[in-house]
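*Asks:* Below is one structure. I have some questions about it.
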Amino acid sequence: MEERRIILETEDIIKQYKQYDTVVTAVNRATFRVFDGEFVAIIGASGSGKSTLLHICAGLDRPNHGKVIVRGNNLSTMSADELSRFRGNFLGMVFQNHNLIPQFTALENILVPTLMCNKPDLSYEQHLKKLVTTLGIADRLHHLPSELSGGQQQRVAIARALINRPQVVFADEPTGNLDRKNADEVLELLIQTKELLGQTLVMVTHDLSIAERADRIFVMENGNIEPYRR
Ligand SMILES: Nc1ncnc2c1ncn2[C@@H]1O[C@H](COP(=O)(O)OP(=O)(O)OP(=O)(O)O)[C@@H](O)[C@H]1O
Ligand SMILES: [Mg+2]
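Per numbering that gives the first Met the number 0, the very first residue in the sequence shown carries number 0; after that it's consecutive.
So, in structure tokens, the structure goes:
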């Protein structure tokens, strides 16, 4: 039998936030692995550490302890510059609060990752057209984020995460601001793109009907991550 390749692996991740004399342990010895081409969902109560762990896996935040290995690269040993190049080339991120740049139009926001990767021959136009059409934001591209609804901002953030055709897509509640119909459409887009490009998808969601579509579900509880027993 062919052995499945591990694309993402964490070992004993601890992340603590210190404020004055209190320490919050957001992630507590989290160890898990994701195989290449998998769709993994992470569920768990509010405050259980899902966003913190996702940011650490995506190289956006560093743990106090433990290791993150993505595509065989140990993120902990990379400099900030190496990390941002690595993210630009291989990773996409949909933030829970969108994180759009307020002074940039929707289109400019979507294209930001293309400035941070070394894929000169990549033509974005067709991919961009398909993304914005499927996401229903083609007629909003020249608006600022403040001129868009919450759901439209979320869809701009999704287009931005996918524009570079990243190998691993991290999505933090990508359907959180959307009604059922739009949530299902966005999920279909993420799954279709994943199948088409052979991507790996790691998604935080509180929506069990969305998590059920994943190959595997993990649950976070007090900073720990465990396989979810359905
Ligand atoms: N920058 C920070 N400074 C201090 N504490 C933080 C910070 N970021 C997160 N925390 C704390 O870490 C814990 C985990 O937060 P996190 O955002 O990862 O949870 P979550 O599972 O994503 O929750 P939600 O479902 O509400 O998005 C929470 O107790 C939170 O208050
Ligand atoms: Mg969160």
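For each residue, glycine too, the CB sits at the ideal point set by N, CA and C.
Computed from a predicted structure; not experimentally measured.
Look up Ile12 in the DSSP assignment and give the residues it is bridged to.
*Replies:* The partner list for Ile12 (beta bridge, DSSP) reads Ala29.
*Asks:* Round the Cβ separation of Cys116 and Gly87 to the nearest angstrom and send it over; I've been treating them as touching at under 8 Å.
*Replies:* About 4 Å separates the two Cβ atoms, so the contact holds.
*Asks:* Start and end of the alpha helix (DSSP H) containing Ala137?
*Replies:* Looking at the DSSP string, Ala137 is not in any alpha helix (DSSP H), and its letter there is neither H nor E.
*Asks:* Leu59 and Val67 - do their beta-carbons sit closer together than 8 Å?
*Replies:* No. Outside cutoff.
*Asks:* My guess is that Val155 and Leu99 are in contact by the Cβ rule of under 8 Å, so how many angstroms apart are they, rounded?
*Replies:* Confirmed, about 6 Å.
*Asks:* Out of curiosity, what's the CA-to-CA distance linking Ala182 and Ala158?
*Replies:* Roughly 14 Å separates the two Cα atoms.
*Asks:* So if DSSP puts Glu220 in a beta bridge, which residue, or which two residues, is it bridged to?
*Replies:* Partner(s): Asn223.
*Asks:* Note down the Cα distance separating Ile109 from Gly197, rounded to an integer number of angstroms.
*Replies:* Going from the Cα of Ile109 to the Cα of Gly197 covers about 21 Å.
*Asks:* Pull up the CB-CB distance for Ile55 and Lys17, whole angstroms please, since I reckon it's below 8 Å.
*Replies:* Their Cβ separation, rounded to whole angstroms, is 17 Å, which puts Ile55 and Lys17 out of contact at 8 Å.
*Asks:* Below 8 Å CB to CB, which residues in the same chain sit around Phe89 once its five sequence neighbours on both sides are set aside?
*Replies:* Here the set comprises Val69, Arg70, Pro165, Gln166, Val167.
*Asks:* DSSP beta-bridge partners for Phe38?
*Replies:* Beta-bridge pairing links Phe38 to Leu200.
*Asks:* Which whole runs of the alpha helix (DSSP H) in the stretch 51 to 124 are 4 residues long or more, in chain order?
*Replies:* 79 to 89, 105 to 110, all fully within the stretch 51 to 124.
*Asks:* Mark Asn238 as exposed unless 16 or more other C-beta atoms lie within 10 angstroms of its C-beta, in which case mark it buried.
*Replies:* No information on residue 238 is available, as it lies outside the stretch 0 to 229 that the chain covers here.
*Asks:* Just to confirm my understanding: we take Leu106, look at its own chain, exclude 5 residues before and 5 after, and list those with CB closer than 7 Å. What are they?
*Replies:* Hits under 7 Å: Leu140, His141.
*Asks:* State the Cα-Cα distance for the pair Gln102 and Asn221, rounded to the nearest angstrom.
*Replies:* C-alpha separation (whole angstroms): 37 Å.
*Asks:* Would you check if the distance between the CB atom of Glu10 and the CB atom of Gly48 is smaller than 8 Å?
*Replies:* Result no, Cβ atoms of Glu10 and Gly48 do not sit closer than 8 Å.
*Asks:* Taking 7 Å as the limit between beta carbons, can you name the residues of its chain near Val218, skipping five residues before and five after?
*Replies:* Ile42, Gly43, Glu225, Tyr227, listed in sequence order.
*Asks:* Measuring straight from C-alpha to C-alpha, what distance separates Ala137 and Leu127?
*Replies:* For Ala137 and Leu127, the distance between alpha carbons rounds to 9 Å.
*Asks:* Name the DSSP bridge partner or partners of Arg215?
*Replies:* Val39.
*Asks:* To the nearest angstrom, how far is the alpha carbon of Ile5 from that of Arg32?
*Replies:* Whole-angstrom Cα-Cα distance: 7 Å.
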